[in-house]
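Each residue of the sequence shown is one higher than the last, beginning at 0 in numbering that gives the first Met the number 0.
No residue lacks a Cβ here, since even glycine has one placed at the ideal position from N, Cα and C.
Here the structure comes first, spelled out in structure tokens, and everything after it is commentary.
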Amino acid sequence: MIKDGMAFIFLGKSGDGKSTIADLSRRYNVIGDDIIAVRNLAGSFFAFSTPWSQSRSIRAGRYAGAKVSAVFFLNKSDRIHFSPLKKEDALARILNWHLHFLVYTKRPMIDKLFFTAARLVKDIPAYEMEFERKGDFWRRLEEAIDAR
């Protein structure tokens, strides 16, 4: 999602709530609910939409993007809660859960992906995000970010 010119990345396995978060964030620019592109440009990370078809809630212009402010790993819950993640835990989750094509990737590209993911979690705060299907998680999310 892009809110106030900042990108917030929500990661989760199938069924963890990515589409739910997209639906609850419709007043913001939803650039993807399943696939996004993240690039390191001049030392900063930016999130972009992709040309691949996604759900109907995606309203972003093609390749629209913004500077990444935070990464959230989703867990459905009966409450809204944010916990900062250690950098090594965030990196392990990205490598294990979100780079599905590594088995088909040649070694030089694997090295680039690993170092990019490591730099991302070094530079960008990551959180465990427990949430329930309520529209007020954005207020709590902003409080968690402001507290860092």
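Alpha carbon of residue i to alpha carbon of residue j, nearest angstrom
{"i": "His80", "j": "Glu129", "result": "5 Å"}
{"i": "Ile144", "j": "Lys86", "result": "16 Å"}
{"i": "Ala41", "j": "Lys121", "result": "16 Å"}
{"i": "Thr49", "j": "Gly64", "result": "10 Å"}
{"i": "Arg106", "j": "Asp77", "result": "42 Å"}
The alpha helix (DSSP H) enclosing residue i, as first and last residue numbers
{"i": "Val29", "result": "Run containing Val29: none; DSSP gives neither H nor E here."}
Counted within 10 angstroms of its Cβ, other Cβ atoms place residue i as buried (16 or more) or exposed
{"i": "Ile109", "result": "exposed"}
{"i": "Met3", "result": "According to the sequence provided, residue 3 is Asp. The question's Met does not apply to it. By the 10 Å Cβ count, Asp3 comes out exposed."}
{"i": "Asn95", "result": "exposed"}
Host beta strand (DSSP E) of residue i (start-end)
{"i": "Lys66", "result": "64–75"}
{"i": "Leu119", "result": "Run containing Leu119: none in the beta strand (DSSP E); it sits in the alpha helix (DSSP H), 106–122."}
Nonlocal neighbours in the same chain, by C-beta distance under 6 Å from residue i, ignoring five residues either side
{"i": "Ser24", "result": "Met0"}
8 Å Cβ cutoff, residue i in contact with chain B
{"i": "Arg25", "result": "Among the chains in the structure shown there is no chain B, since it carries only a single protein chain."}
Close beta carbons around residue i, own chain, < 7 Å, minus the five adjacent residues each side
{"i": "Ala91", "result": "none"}
Supposed close pair residue i, residue j - CB separation, criterion 8 Å
{"i": "Leu73", "j": "Lys17", "result": "7 Å"}
{"i": "Ala69", "j": "Phe7", "result": "6 Å"}
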